[in-house]
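Report on the structure given below.
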């Protein structure tokens, strides 16, 4: 029996906490927070503590499955890839857009998804690409793209130095943070108050975060843009607009202030439910704070005006002088990124969806129209689907209709660890191996971190003989999509990926390896292959890298790997000049996309007060969307999938705790047990996201015993945030009836 300790970054959410693992014969027996981790300093949440249960879940798939006569049977890898080729090749040859792809959010938590998904999507050659981004975060990408010229230039609150944080639609005590990477987010919020600062939460629920804040204000779901516009109008009317050091770098300020003037606090108060004088106070205190930041998240994005809310959050950061300054909102500089890039005008709508004419955003189409593309006959109909670590039947809008649509496909291929609500429709399921068998580096989250850090986790255990690394699975699928024989080794795709990167770097006149011989650079990356080779290259040409000899003391993967507890690269620094990608070099505060959508906002104002009840979602620290409900240690205790209902609404319905209520929307209906609580605004009801595991064919033993209900049966796929195409999963009008 072999006992050892290993350190690893947790892959289960955006916080990137360090874990200390105790292993006996390659099996995790205990998980603790890594006290020496440079970022998390020993913090750990319940998900991280039960990381071992997920790794060793007996329901995880370990062998490829092929559907035969309606049943999934285990086959060899060769047989599985042969079947993939049989299914996809004829469709790809007839119409590449007829093969769609859906990418789920676990991909961002592993290097295979970060480095080898894009080559797969390119190889498929389809415009029918969908992802979880249009479920929860696309408004912020669109907002940042039009404001700063880059959709990934998302400023994050400098939590460790701010004195005043205005937080809208976010519950980091439960989510651990999102689009803002911060281990122990609750502790960082507490530290703001401990140093004499203030945390203000705006939310239709009195969440755990709201309970611990300096103050909390209920708001009618979906009305955040009205509140934010009224705050802008207040600052303008009272002469409190001050751009600070970015003055002279912002265009369109007068246009925005003029557009906001009609939204006085008195005008918006009946809509959002916050008194006019409170709105003025919120604005004045933000402006008066020495260092302040506004942060909005999923509750402000998954609503009919998500892009406007995302934009107005940063409008407030700009006009209070808090953009790109310590204690305000800032841009991290990740180790694998170069400090600056070429100017490039951001745009969307390069193509449109076939059925509803919805515009492309960031190379993909809104997932809200995926079912349309499958079910609507005609040229270009989606006939095949490839999913990678996604469960759209549970996580996307109008889930019942999408479930029906998947049954009509000619072919479906999934890369996934579970036989879940979505993959049960797949003709072939290719299982990725346990996390411990692969390297780990959080490329996406270090671009959103509240401190510049880097951490690399090498594989902890050997890959089983009958398993395949996920990057090789994706590489094999890429080769099949390109028409290569199924016997072609994945190394062919790997060599293509790294050569393309290196040759591009050598041709970049402003890059650190400009003019170098690609073969010389490739030789210095040997003998690494796969994700490690790609990561080593990116680190070496990154902002802190050695530039392949240019800076002998610079960062390489070897040097990062030697720092078992991570590498602290320092606090965030002002980076406006490096970040702005607009050729003008300016922050475009008044892009047409925002101004055009203000007209839609004006027309919708009265409708927000029409519905008797509206539905919102909620998060829990013991789950992550739909994919952690099969862990007994996380899905135990009392039923979390309940309908939160205000006491006065419950009395009006004549129901108490535990009573079953039907919730009906334009899209569908579910029945759920009631949990009466004063921690929710009257007229608002709440169901958690990601449940509904009781459908036939799901191979999730624990989740099926505690299935909950699928809240996305109630969401309407025809209702989207127009500029981004993001699904509307909150502020859904519903009616209630006691069962």
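In the numbering used here, the protein residues as written are 392 to 1130. No residue lacks a Cβ here, since even glycine has one placed at the ideal position from N, Cα and C.
When the options are compared against residue i, the one with the closest alpha-carbon
{"i": "residue 998", "options": "663, 734, 1064, 496", "result": "663"}
{"i": "residue 1032", "options": "1097, 1111, 873, 407", "result": "1097"}
{"i": "residue 1026", "options": "966, 983, 1001, 1091", "result": "1091"}
{"i": "residue 647", "options": "890, 632, 964, 659", "result": "632"}
{"i": "residue 518", "options": "680, 753, 471", "result": "753"}
{"i": "residue 411", "options": "402, 404, 422", "result": "422"}
{"i": "residue 816", "options": "892, 833, 832, 793", "result": "793"}
{"i": "residue 952", "options": "979, 848, 493", "result": "848"}
{"i": "residue 989", "options": "512, 703, 398", "result": "703"}
{"i": "residue 428", "options": "711, 845, 878, 838", "result": "845"}
{"i": "residue 1042", "options": "812, 1127, 1081, 638", "result": "1127"}
{"i": "residue 638", "options": "979, 902, 629", "result": "979"}
{"i": "residue 876", "options": "418, 403, 561, 469", "result": "469"}
{"i": "residue 1030", "options": "460, 982, 1100, 818", "result": "1100"}
{"i": "residue 789", "options": "1120, 438, 944", "result": "1120"}
Alpha-carbon spacing of residue i relative to residue j, whole angstroms
{"i": "residue 466", "j": "residue 455", "result": "6 Å"}
{"i": "residue 946", "j": "residue 674", "result": "43 Å"}
{"i": "residue 585", "j": "residue 426", "result": "22 Å"}
{"i": "residue 751", "j": "residue 602", "result": "40 Å"}
{"i": "residue 1133", "j": "residue 641", "result": "Missing from the structure shown is residue 1133; the chain here goes from 392 to 1130 and no further."}
{"i": "residue 1048", "j": "residue 691", "result": "29 Å"}
{"i": "residue 451", "j": "residue 808", "result": "5 Å"}
{"i": "residue 949", "j": "residue 733", "result": "29 Å"}
{"i": "residue 928", "j": "residue 596", "result": "46 Å"}
{"i": "residue 914", "j": "residue 889", "result": "12 Å"}
{"i": "residue 1011", "j": "residue 1078", "result": "11 Å"}
{"i": "residue 1037", "j": "residue 1130", "result": "18 Å"}
{"i": "residue 588", "j": "residue 718", "result": "11 Å"}
{"i": "residue 502", "j": "residue 917", "result": "19 Å"}
{"i": "residue 514", "j": "residue 803", "result": "17 Å"}
{"i": "residue 706", "j": "residue 409", "result": "35 Å"}
{"i": "residue 535", "j": "residue 755", "result": "17 Å"}
{"i": "residue 954", "j": "residue 572", "result": "20 Å"}
{"i": "residue 512", "j": "residue 453", "result": "25 Å"}
{"i": "residue 1021", "j": "residue 1094", "result": "5 Å"}
{"i": "residue 1067", "j": "residue 785", "result": "25 Å"}
{"i": "residue 1088", "j": "residue 1006", "result": "29 Å"}
{"i": "residue 567", "j": "residue 485", "result": "45 Å"}
{"i": "residue 850", "j": "residue 926", "result": "14 Å"}
Contact set for residue i: own chain, Cβ-Cβ below 7 Å, skip 5 residues either direction
{"i": "residue 498", "result": "504, 508, 779, 780"}
{"i": "residue 1059", "result": "791, 1104, 1105"}
{"i": "residue 992", "result": "616, 696, 699"}
{"i": "residue 678", "result": "626, 631, 711"}
{"i": "residue 605", "result": "584, 589, 590, 591"}
{"i": "residue 724", "result": "730, 843, 934, 966"}
{"i": "residue 930", "result": "726, 727, 936, 946, 947, 948, 951"}
{"i": "residue 885", "result": "866, 920, 921"}
{"i": "residue 924", "result": "889, 916"}
Residues near residue i by beta carbon distance below 6 Å, same chain, minus five either side
{"i": "residue 771", "result": "488, 745"}
{"i": "residue 966", "result": "722"}
{"i": "residue 1050", "result": "1065"}
{"i": "residue 593", "result": "559, 608, 610"}
{"i": "residue 685", "result": "557, 704, 707, 708"}
{"i": "residue 863", "result": "881"}
{"i": "residue 774", "result": "482, 489, 801"}
{"i": "residue 909", "result": "893, 894, 897"}
Own chain partners of residue i with C-beta closer than 8 Å, once the 5 adjacent residues on each side are dropped
{"i": "residue 578", "result": "434"}
{"i": "residue 977", "result": "640, 641, 642, 971"}
Beta-ladder partner(s) of residue i, from DSSP
{"i": "residue 396", "result": "413"}
{"i": "residue 778", "result": "493, 805"}
{"i": "residue 959", "result": "844"}
{"i": "residue 522", "result": "494"}
{"i": "residue 686", "result": "558"}
{"i": "residue 1129", "result": "1052"}
{"i": "residue 1006", "result": "1076, 1123"}
{"i": "residue 978", "result": "641"}
So, do the region 650–668 and the region 618–634 have three or more beta carbon pairs nearer to each other than 8 Å?
yes
Say whether the region 1111–1121 touches the region 687–696, bearing in mind that this needs 3 or more beta-carbon pairs closer than 8 Å, one atom from each stretch.
yes
Is it a yes or a no for the region 727–736 touching the region 929–944, going by three-plus beta-carbon pairs under 8 Å?
yes
Does the count of Cβ pairs from the region 803–818 and the region 518–535 closer than 8 Å reach three?
no
May I ask you to verify whether the region 785–804 touches the region 822–830, counting CB pairs closer than 8 Å and requiring at least 3?
no
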